[in-house]
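Residue numbers (the working numbering), protein chains in the order written: chain A, 311 to 661; chain B, 311 to 661.
Backbone N, C-alpha and C define an ideal beta-carbon position, used for all residues, glycine too.
The structure appears right after this line, and notes come after that.
Protein chains: 2
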Amino acid sequence: MSVLETIYDLETPSILIDLDIMENNIAAMQKRCDDLGIQFRPHIKTHKIPAIAQKQIDAGAVGLACQKVSEAEVFVDAGFTDIQIPYNIVGAKKTRRLAELAKRADVTVTVDSKVVVDGIASAAQEVGSTIHMMVELVALNKRTGTTPEDAFDLAQHIVNTDNLHFAGIMIYPSVAQIRERLQKTLSLLANANIEVEMVSGGGSGAILESHLIPELTEMRVGTYVFWDWGSVSKGWASFDDCAMRIRATVVSANEKSRVILDSGSKTVNAETLDGLFGYIVEYPKARLHQVNEEHGYVDFTECDTVPNVGDIIHIIPVHTCVVTNLHNQIYGIRGDEIKNIWDVAARGLVW
Amino acid sequence: MSVLETIYDLETPSILIDLDIMENNIAAMQKRCDDLGIQFRPHIKTHKIPAIAQKQIDAGAVGLACQKVSEAEVFVDAGFTDIQIPYNIVGAKKTRRLAELAKRADVTVTVDSKVVVDGIASAAQEVGSTIHMMVELVALNKRTGTTPEDAFDLAQHIVNTDNLHFAGIMIYPSVAQIRERLQKTLSLLANANIEVEMVSGGGSGAILESHLIPELTEMRVGTYVFWDWGSVSKGWASFDDCAMRIRATVVSANEKSRVILDSGSKTVNAETLDGLFGYIVEYPKARLHQVNEEHGYVDFTECDTVPNVGDIIHIIPVHTCVVTNLHNQIYGIRGDEIKNIWDVAARGLVW
Numbered sequence: 311m312s313v314l315e316t317i318y319d320l321e322t323p324s325i326l327i328d329l330d331i332m333e334n335n336i337a338a339m340q341k342r343c344d345d346l347g348i349q350f351r352p353h354i355k356t357h358k359i360p361a362i363a364q365k366q367i368d369a370g371a372v373g374l375a376c377q378k379v380s381e382a383e384v385f386v387d388a389g390f391t392d393i394q395i396p397y398n399i400v401g402a403k404k405t406r407r408l409a410e411l412a413k414r415a416d417v418t419v420t421v422d423s424k425v426v427v428d429g430i431a432s433a434a435q436e437v438g439s440t441i442h443m444m445v446e447l448v449a450l451n452k453r454t455g456t457t458p459e460d461a462f463d464l465a466q467h468i469v470n471t472d473n474l475h476f477a478g479i480m481i482y483p484s485v486a487q488i489r490e491r492l493q494k495t496l497s498l499l500a501n502a503n504i505e506v507e508m509v510s511g512g513g514s515g516a517i518l519e520s521h522l523i524p525e526l527t528e529m530r531v532g533t534y535v536f537w538d539w540g541s542v543s544k545g546w547a548s549f550d551d552c553a554m555r556i557r558a559t560v561v562s563a564n565e566k567s568r569v570i571l572d573s574g575s576k577t578v579n580a581e582t583l584d585g586l587f588g589y590i591v592e593y594p595k596a597r598l599h600q601v602n603e604e605h606g607y608v609d610f611t612e613c614d615t616v617p618n619v620g621d622i623i624h625i626i627p628v629h630t631c632v633v634t635n636l637h638n639q640i641y642g643i644r645g646d647e648i649k650n651i652w653d654v655a656a657r658g659l660v661w
Numbered sequence: 311m312s313v314l315e316t317i318y319d320l321e322t323p324s325i326l327i328d329l330d331i332m333e334n335n336i337a338a339m340q341k342r343c344d345d346l347g348i349q350f351r352p353h354i355k356t357h358k359i360p361a362i363a364q365k366q367i368d369a370g371a372v373g374l375a376c377q378k379v380s381e382a383e384v385f386v387d388a389g390f391t392d393i394q395i396p397y398n399i400v401g402a403k404k405t406r407r408l409a410e411l412a413k414r415a416d417v418t419v420t421v422d423s424k425v426v427v428d429g430i431a432s433a434a435q436e437v438g439s440t441i442h443m444m445v446e447l448v449a450l451n452k453r454t455g456t457t458p459e460d461a462f463d464l465a466q467h468i469v470n471t472d473n474l475h476f477a478g479i480m481i482y483p484s485v486a487q488i489r490e491r492l493q494k495t496l497s498l499l500a501n502a503n504i505e506v507e508m509v510s511g512g513g514s515g516a517i518l519e520s521h522l523i524p525e526l527t528e529m530r531v532g533t534y535v536f537w538d539w540g541s542v543s544k545g546w547a548s549f550d551d552c553a554m555r556i557r558a559t560v561v562s563a564n565e566k567s568r569v570i571l572d573s574g575s576k577t578v579n580a581e582t583l584d585g586l587f588g589y590i591v592e593y594p595k596a597r598l599h600q601v602n603e604e605h606g607y608v609d610f611t612e613c614d615t616v617p618n619v620g621d622i623i624h625i626i627p628v629h630t631c632v633v634t635n636l637h638n639q640i641y642g643i644r645g646d647e648i649k650n651i652w653d654v655a656a657r658g659l660v661w
């Protein structure tokens, strides 16, 4: 490929990251946590790129959160030394890799059952490393996690198991309503003289309620680095805060109601908001109402003008994290200039 | 990684392809087209793997269909010489790459507007290659394509343009209701003595109606190679025809209604069927009702038994093509034995 100097040199579809906006987002979230007096731990799921993680660390973040061991391996290989994996690591191969990783970095995981604790402990004992372990409280999303009583039992079990270090409590998303459950757990632990170093909350929306849970010692947030239409729809950010734009080309425009982009579900993903697959910056009233793998269907009926075949438009995606995961490279830009060509180093890592 | 001999050696989530089922699917679709007396051109979007395309060619397929130039480049590099790209190729870089590719293989594209024709022609003239060009009729899905009258005008324009060769008419999906539109177009072309070598239809459902459109000379189908839950729900295949299974692990099982798999939207994709993200083979009544990137939420309330943490289950995905696109490798198996570790060579190629 020829030299890429400006966005006009790019093929479409391409994923653009406005660096000014991204840097503002990084600074703003760090300041929010600094003002709250809690540590900030960005989740790499949104960018999956070590160079962006470094910007987050440089801004004051205490470490990183990854969701799978394979992601953590990429970031430890890139030199990061404090990695949290807020996930139940299950299976002999994964726990072995986790235990090996803990020889090279401070690794903290989350558990919600005894069988997960024991699998990880067994690997750590075999390898001779120490794993920091938090217990997860179930939150309102009813995903992973357990009750205060079971969390207390798990904490006791962790404390009494070789090669594990009880690190504290994890919650996702850590909205205000969860505080009573947290306090109950902390009370049980305090009564048993089990020290809680860390209470780790998380969530792009939950960060807005963190001041209502003074027990939190850190927050994990991922999406803030780019934000997205989903975040805007929830009031967490404005369109001006959205750093990611999908640069797309009109490939068919035979009818106003039937304009087709070169960007389908392989590019913008299949998640929807109000029945749409993305927000078109230049045509706010255009409706990206359907996608196939390589086709985005846009209805311009409500628009005053319609683009022509070959015209370029930009899409703010519904959910940035899943868009990043679809693409091998993304581009950091200032104005029209391409400043970074980033490999999405941890793309597609699900192990 | 250690040697992979059986599925028990695999990490999860992993994408398994049952080779017996896949080979049956390849043979059955080829036979269907042979019986219809039309050529068969498999679409590589479903597998994106040259070794599987070779099996399709070996079974009797006349060539391949790819959706983007970048995909076609991978398959020409792998030695395939007859590639159709049923897509409007737009933009100076892409048309240039297309024209270069046409020096190494027979390349056929589809157009639905004069501006697309002229862009491709200009590149072919500059490079000195010949592009075969079909005109697309708009179908019931109202995606790309044009009217019989405009298709006729485009065909005349192609015939009169250097470095282009008019190849015929393309329709997707080529369901029976489209025949009248096709016949009208063919009549206009016949009256002008414009030869139509090829009438190319496509679609996993449309193949069932191909006998109702005797004008078709070939069919393009992709999904049939693996089939999926979406196909089963439409009556195109049975679960026994589904070659792809997502091997997943239970990572949390604290409540019957809240069992969590290590497979979320990064693994099974975000497309739904009846509100579910996949069909769990071992637990047909289990409901995979929500996904985050790395979490699949399953409700086992309707099931007699519930798996434990660490148990393995298998998911038939809603839509195989988008699952393939998420993963770097997939595994060909016979029984429990791993026979192939395939790189998904054309994964993530959207240019």
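Answer with buried or exposed for residue i, where buried requires no fewer than 16 other C-beta atoms within 10 angstroms of its C-beta.
i        : result
B/Tyr593 : buried
B/Tyr534 : buried
B/Ala449 : buried
B/Arg491 : buried
B/Ser543 : exposed
B/Pro352 : buried
A/Ala486 : exposed
A/Phe549 : exposed
A/Gly532 : buried
B/Asn579 : buried
Rounding to the nearest angstrom, what Cα-Cα distance links residue i and residue j in this structure?
i        : j        : result
A/His467 : A/Val417 : 19 Å
A/Phe610 : A/Asn618 : 12 Å
A/Arg555 : B/Val660 : 16 Å
B/Arg657 : A/Met332 : 28 Å
A/Ala500 : A/Leu526 : 16 Å
A/Phe536 : A/Leu408 : 29 Å
B/Asp422 : B/Leu447 : 8 Å
A/Asn473 : B/Trp652 : 38 Å
B/Gln364 : B/Met444 : 25 Å
A/Arg508 : A/Phe350 : Sequence inspection shows Met at residue 508 of chain A; the Arg mentioned does not correspond to that position. Going from the Cα of A/Met508 to the Cα of A/Phe350 covers about 12 Å.
B/Lys595 : A/Val384 : 38 Å
A/Arg568 : A/Ile359 : 36 Å
B/Val313 : B/Ser439 : 46 Å
A/Ile395 : B/Thr495 : 60 Å
B/Ile348 : B/Met529 : 7 Å
A/Tyr666 : A/Asp319 : For residue 666 of chain A there is no data in the structure shown, the boundaries of chain A being 311 and 661.
B/Thr577 : B/Val386 : 28 Å
Could you check whether the Cβ of residue i sits closer than 8 Å to any Cβ belonging to chain B?
i        : result
A/Leu636 : yes
A/Val660 : yes
A/Asp572 : yes
A/Arg414 : no
A/Arg351 : no
A/Tyr397 : yes
A/Cys343 : no
A/Cys631 : yes
A/Ala580 : yes
Consider the Cβ of residue i: report whether some Cβ of chain A lies at a distance smaller than 8 Å.
i        : result
B/Tyr318 : no
B/Gln377 : yes
B/Arg491 : no
B/Asn473 : no
B/Asn650 : no
B/Gly620 : yes
B/Glu321 : yes
Leaving out five residues on either side along the sequence, give the residues of the same chain with a beta carbon under 8 Å from the beta carbon of residue i.
i        : result
B/Gly574 : Val601, Asn602, Glu603, Glu604, His605 and Gly606
A/Thr316 : Asp646, Glu647 and Ile648
B/Ile430 : Ile399, Thr405, Leu408, Ala409, Val419, Val421, Ile441, Met443 and Leu474
Going by beta carbon distance, what residues of the same chain come within less than 6 Å of residue i, once the five residues before and after it are set aside?
i        : result
A/Cys631 : Lys355 and Thr356
For the ligand SAH, I want to know if residue i counts as a neighbour, meaning its beta carbon is within less than 7 Å of at least one of the ligand's heavy atoms.
i        : result
B/Gly373 : Of ligands this structure carries none, so the ligand SAH is not represented either.
Cutting at 7 Å between CB atoms, please list the residues of its own chain near residue i, excluding the five before and the five after it.
i        : result
B/Gly478 : Met444, Val506, Glu507, Met508, Val509 and Ser510
Unbroken stretches of the alpha helix (DSSP H), 4 residues or longer, contained in the segment 401 to 488 of chain B: 402 to 411, 424 to 437 and 458 to 469
Tell me the start and end of each unbroken alpha helix (DSSP H) in the segment 613 to 640 of chain A that is at least 4 residues and wholly inside, in chain order. 630 to 634
Where are the beta strand (DSSP E) runs, 3 residues long or more, that stay fully inside the segment 315 to 345 of chain A, in chain order? 324 to 328
What alpha helix (DSSP H) runs, 4 residues minimum, are completely inside the segment 560 to 619 of chain A? The DSSP assignment places 575 to 578 as complete runs of the alpha helix (DSSP H) inside the segment 560 to 619 of chain A, in order along the chain (cut-off: 4 residues).
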